[in-house]
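First the structure, in the form of structure tokens, and then the observations on it.
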Amino acid sequence: MGKGLVGLLALVLLAGCAIELAETPEQREAPREQEAPVVTVPDEPAPHERRSGDALSPAAASLLASARGFLQGGQPDRALSLIQRAHGISPNAAEVYYHFAQAHQARQEYDRAEQFARRGLALAGNREKLERQGAELLAGIRHAATNSQ
Amino acid sequence: MTNNRKKSPPVKRRSWSGLFLRLLLVAALLLTVWVVYLDHQVTSRFEGNRWEVPSRVFARALELYEGASLSPDALESELAALGYRRDGALSQPGTWHRQGNQLRLRSRGFQFPGGPESGRTLSLRFDNSTISQMRVEQGQPEPVVRLEPQAIGGIYPAHNEDRILIRLEQLPPLFREALIVTEDRDFADHWGLAPVSIARAMLANMRAGRVVQGGSTLTQQLVKNFYLTADRTYSRKLNEAMMAVLLELRYPKEEIFAAYLNEVYLGQAGQRSIHGIGLASQFYFGKPLSELEVQESALLVAMVRGPTYYNPRRHPQRATERRNLVLGLLEEQGNLSAGAARDARRAPLGVIEQPRFQANPYPAFMDLVRQHLKRDYDDKDLQSSGLRIFTTLDPQVQTTAARRLSETLDELSAGPGNDTLEGAMVITRPHSGEVQAVVGSRASGAMGFNRAVAARRPIGSLIKPAIYLSALEQPSRYTLISPLKDEPFRIEFRNGDEWSPKNFDGKSHGEVPLHQALSKSYNQATVRLGLDVGLDPVRDMLQRLGLERRPGSYPALLLGSLDLSPLQVTELYQTLAASGYQVPLRSITAVTTSDGEILSRYDLEIRQVVEPGPMHLLHYAMQETVRDGTGRGVYRFLPDAIHVAGKTGTTDGGRDTWFAGFTGNTLGVTWVGTDDNVPTLLSGGTGALRVWGRVMADLPQQSLAPVVPGNVDYHWIDTESGLLTAENCRDARRIPFIAGSAPTQTRPCGDTMGGRVQRWFERLF
Chain A
1 MGKGLVGLLA
11 LVLLAGCAIE
21 LAETPEQREA
31 PREQEAPVVT
41 VPDEPAPHER
51 RSGDALSPAA
61 ASLLASARGF
71 LQGGQPDRAL
81 SLIQRAHGIS
91 PNAAEVYYHF
101 AQAHQARQEY
111 DRAEQFARRG
121 LALAGNREKL
131 ERQGAELLAG
141 IRHAATNSQ
Chain B
150 MTNNRKKSPP
160 VKRRSWSGLF
170 LRLLLVAALL
180 LTVWVVYLDH
190 QVTSRFEGNR
200 WEVPSRVFAR
210 ALELYEGASL
220 SPDALESELA
230 ALGYRRDGAL
240 SQPGTWHRQG
250 NQLRLRSRGF
260 QFPGGPESGR
270 TLSLRFDNST
280 ISQMRVEQGQ
290 PEPVVRLEPQ
300 AIGGIYPAHN
310 EDRILIRLEQ
320 LPPLFREALI
330 VTEDRDFADH
340 WGLAPVSIAR
350 AMLANMRAGR
360 VVQGGSTLTQ
370 QLVKNFYLTA
380 DRTYSRKLNE
390 AMMAVLLELR
400 YPKEEIFAAY
410 LNEVYLGQAG
420 QRSIHGIGLA
430 SQFYFGKPLS
440 ELEVQESALL
450 VAMVRGPTYY
460 NPRRHPQRAT
470 ERRNLVLGLL
480 EEQGNLSAGA
490 ARDARRAPLG
500 VIEQPRFQAN
510 PYPAFMDLVR
520 QHLKRDYDDK
530 DLQSSGLRIF
540 TTLDPQVQTT
550 AARRLSETLD
560 ELSAGPGNDT
570 LEGAMVITRP
580 HSGEVQAVVG
590 SRASGAMGFN
600 RAVAARRPIG
610 SLIKPAIYLS
620 ALEQPSRYTL
630 ISPLKDEPFR
640 IEFRNGDEWS
650 PKNFDGKSHG
660 EVPLHQALSK
670 SYNQATVRLG
680 LDVGLDPVRD
690 MLQRLGLERR
700 PGSYPALLLG
710 SLDLSPLQVT
720 ELYQTLAASG
730 YQVPLRSITA
740 VTTSDGEILS
750 RYDLEIRQVV
760 EPGPMHLLHY
770 AMQETVRDGT
780 GRGVYRFLPD
790 AIHVAGKTGT
800 TDGGRDTWFA
810 GFTGNTLGVT
820 WVGTDDNVPT
830 LLSGGTGALR
840 VWGRVMADLP
850 QQSLAPVVPG
860 NVDYHWIDTE
870 SGLLTAENCR
880 DARRIPFIAG
890 SAPTQTRPCG
900 DTMGGRVQRW
910 FERLF
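Line by line, the protein sequences give chains A and B. Under our numbering, think of the first position of the first sequence as 1, with each following residue one higher. Under our numbering, think of the first position of the second sequence as 150, with each following residue one higher.
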């Protein structure tokens, strides 16, 4: 009963806030056509201070999986085409950049590979597993680059 | 002498016959030369590349997957542009059907540079302008499916002949039969000529006293179109006949038939002549040849006799009659049942009203494509080798940007003194540098001066982020809260000149924190900062961000006295939007041969030029610019929840107004001004920003959400003293610092508990 009352109160309060928000005199221009703008808002509370990039979307993950097949089959070019499509879908996911790095590493383009690995690492942020993966990848690329000289 | 005379008669006889023989020999020789000559003509053009085929340019392919930001309306317009037909049964590729939020489609499949995409039947469900569910009903299951890309133009040879080459396997059912029964029934058996037809034609011509009828076989028609002029003379007819025979002797029937289908002239689109049934199918029906229904095939066959006379757009009645004649012949020959023939005859012509492709519907974007192509290809290859060029153009973004820019300028022009306003805009994807749209003028779609690429104008305050970034790279000297003096001062040059920068509002603002000097775009504080940092580091920074030419070293540089095109500005801001990674702009992703073999790839490249720490701090101040500074007009167009970083720019008298800004998925740079450099009553915040806001509001936006680098920490700062304070204290603000640069002293929170709770609530809502 008590909980229900608190819940109700909270609901009323929230509704009040919502109304207040809706009524603030913002002179935002309404889109003139019916097609409403599409808005994707990240569901975290404070996007200013997020500590890691986006999670990989399932669609991008499936493209990366196919890309790995081509990488293992010694076809980094075809892998790159798929990774770029994955990048179009999840441009803020560390995994995508790691795959770029691997494809360039396979093509023995170590400078490029390193750039992508570093970008991926920056996006991995505080996600430990991803950070570890990135660090290992980067170390591997540097090692290969040294050996190739 | 007499002896000689006596002997002469027999000699004369011999000489007559000898002469005859010689003449015969000469004739035979001439005949041989003629035949050899014609044979050479026949073979030399028939071997290798037979046609100068223009390069085809494609837009980006639309990717369909669960979670994609796409409304069903947007998908519908994409399908319409691709020539898909509504068909509840999805009876063939290139059809679709929609019921409310559910859309089913049957895709065609396409040979992409990275590999083929097969045709599939898809069922899509939409929620809130997003694909919430996608199921592959038929075809190989894939979580991500690409539609074929829109053809957005071509690069044409000088003679303006256009064609899409086809192979016989691509012929729709009954096309071959329809053509043969109408134009050349003995095609399979003759040697290039059909004597009965010729005799009939000659008789008719003799009666008329001029050439009125042709008895040409398909082979002769091919020879006529392919090798000869259109003169109707007997000598040309003779050449034609001989060449037809030679062609038949040299090449198999199938090859001749395929060549005919690719050569035949089927209409005119302005300057451009439509050759071959592959292009004709697109031109008249807006779909690929393989999708033609029997009455559509019959119409193309009908037009072979006279594409102008039987033009279905101009003379639908005539065209229908002849089409039905072709259908009747098919029925007569037993190729078509009586019922099917009746249905086909009743069907409308099915010709699309406007040609679906203009020669160059996106001229400003194509300028950029040509510029990029020039690096690797010469004009001749582009005009004649039938290359396929895959670009990054997003037709929906392009159309929206062009329309909104034009509308907004019409509106702004209604004000006094703004009637000659012009504008330009470039839109890219910040992470990949892919150029999605280029608008070069107010009159969208018009050729002419492309301001986005060619107009170089002073960039004004758009230069400021480069100055602040140079400063923030030195955390031991500058933080976001470093105090700057926004006060008048004078620079004296050695030659006696003086310069004293002024603020846009004519006022000075005293001591202001660095972040505010940028967000409010204070000139006096900025020039002081720039001079303090040094002109060279600023010039270096501009180059690191992507400026090709090193700018001169003069103080006015600090207020943007640097002429750049909107495209060049986009290059600089691209690096800012990509968190300090230089990402070269790309309008092309790949070039292939007509068979799909990759000639060049333009893959994503990135190169870090600025460390993540200072970049993050700059993003902070550029977000403040649109929340609380000169760019706050942005939120008249976009919802509050979308974080944006941006910068306004205005030059003296509003001659140039700029806005450059980016969300999480779109970077846009807009210029508004006049071509003759006269003052306007606008500023960056009212002119260019309005265009930017309108365009961005119409496109799917993701919030900008930069990742905080490991060496950056946020602290609560008392804005008055610049010291550390606690959350919910009066005047407390959360500000990022590069490790080691944050203030160490704390100012006690002078607030009451009640005040802190109140502020907590304020923040919550």
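From the three backbone atoms N, C-alpha and C, an ideal C-beta is built for every residue, glycine too.
From this set, the options, which residue's C-alpha is nearest residue i's C-alpha?
| i | options | result |
| --- | --- | --- |
| residue 430/B | 420/B, 461/B and 404/B | 461/B |
| residue 835/B | 562/B, 438/B, 237/B and 196/B | 562/B |
| residue 762/B | 794/B, 825/B and 620/B | 620/B |
| residue 459/B | 401/B, 489/B, 421/B and 500/B | 500/B |
| residue 241/B | 787/B, 321/B and 281/B | 321/B |
| residue 654/B | 866/B, 175/B, 802/B and 193/B | 802/B |
| residue 349/B | 894/B, 490/B and 365/B | 365/B |
| residue 791/B | 810/B, 797/B and 806/B | 810/B |
| residue 576/B | 545/B, 598/B and 664/B | 545/B |
| residue 513/B | 888/B, 667/B, 580/B and 600/B | 600/B |
| residue 843/B | 705/B, 244/B and 782/B | 782/B |
| residue 281/B | 346/B, 220/B and 550/B | 220/B |
| residue 749/B | 755/B, 540/B, 879/B and 652/B | 540/B |
| residue 716/B | 574/B, 759/B and 685/B | 574/B |
What's the call for residue i, buried or exposed, on a 16-neighbour Cβ count within 10 Å?
| i | result |
| --- | --- |
| residue 965/B | Residue 965/B falls outside the range modelled here, since chain B spans only 150 to 914, and no answer is possible. |
| residue 355/B | exposed |
| residue 569/B | exposed |
| residue 789/B | exposed |
| residue 308/B | exposed |
| residue 942/B | Within the shown structure, residues of chain B are numbered from 150 to 914, placing residue 942/B beyond reach of any answer. |
| residue 830/B | exposed |
| residue 398/B | exposed |
| residue 672/B | buried |
Grab me the residues of residue i's own chain with a C-beta within less than 6 Å of its C-beta, minus the 5 sequence neighbours each way, in chain order.
| i | result |
| --- | --- |
| residue 407/B | 317 |
| residue 670/B | 610 and 779 |
| residue 149/A | none |
| residue 278/B | 220 |
Looking only at its own chain, which residues have a Cβ that is under 7 Å from the Cβ of residue i, when we skip the five neighbours before and after it?
| i | result |
| --- | --- |
| residue 765/B | 855, 857, 858, 861 and 885 |
| residue 400/B | 195 |
| residue 377/B | 385, 388 and 389 |
Any Cβ of chain A within less than 9 Å of the Cβ of residue i?
| i | result |
| --- | --- |
| residue 728/B | yes |
| residue 309/B | no |
| residue 738/B | yes |
| residue 907/B | no |
| residue 581/B | yes |
| residue 261/B | yes |
| residue 624/B | no |
| residue 814/B | yes |
| residue 371/B | no |
| residue 761/B | yes |
| residue 854/B | yes |
Taking only beta-carbon positions, decide if residue i is within less than 9 Å of chain B.
| i | result |
| --- | --- |
| residue 62/A | yes |
| residue 1/A | With a pLDDT of only 40 at residue 1/A, under 50, the local geometry of the prediction cannot be trusted, and the value read off the model is given with reservation. Chain B, which has no Cβ nearer than 9 Å to the Cβ of residue 1/A, makes this no. |
| residue 87/A | yes |
| residue 23/A | Model confidence at residue 23/A stands at a pLDDT of 28, short of 50, so the residue's coordinates are unreliable; what they give is reported in the following sentence. Chain B contact via Cβ: absent. |
| residue 51/A | yes |
| residue 150/A | The displayed coordinates of chain A run from 1 to 149. Any statement about residue 150/A would go beyond what the structure contains. |
| residue 145/A | no |
Can you find the residues in the same chain that come closer than 8 Å, C-beta to C-beta, to residue i, ignoring five residues on each side of it along the sequence?
| i | result |
| --- | --- |
| residue 297/B | 210, 231, 256, 257, 258, 259 and 266 |
| residue 26/A | Per-residue confidence for residue 26/A stands at a pLDDT of 33, beneath the threshold of 50, marking its modelled position as unreliable; the derived number appears in the next sentence. Contacts found: none. |
| residue 343/B | 333, 335, 364 and 366 |
Kindly list, in the order they appear in chain E, the residues whose Cβ is closer than 7 Å to that of residue i.
| i | result |
| --- | --- |
| residue 71/A | The displayed structure is made up of protein chains A and B, and chain E is not among them. |
Suppose only complete runs of 4+ residues qualify. What are the alpha helix (DSSP H) ranges in the region 699-732 of chain B, listed by chain order? 715-726
Residue ranges of each alpha helix (DSSP H) run of no fewer than 4 residues wholly in the region 784-855 of chain B, ordered along the chain? 837-847
Completely contained beta strand (DSSP E) runs for the region 621-692 of chain B, where each covers 3 or more residues: 632-635 and 659-662
Could you pull out every unbroken beta strand (DSSP E) segment of at least 3 residues lying fully inside the region 254-284 of chain B, listed in chain order? 259-261, 264-266 and 270-276
Hey, which unbroken runs of the beta strand (DSSP E) at 3 residues or more fall wholly within the region 476-560 of chain B? 537-540
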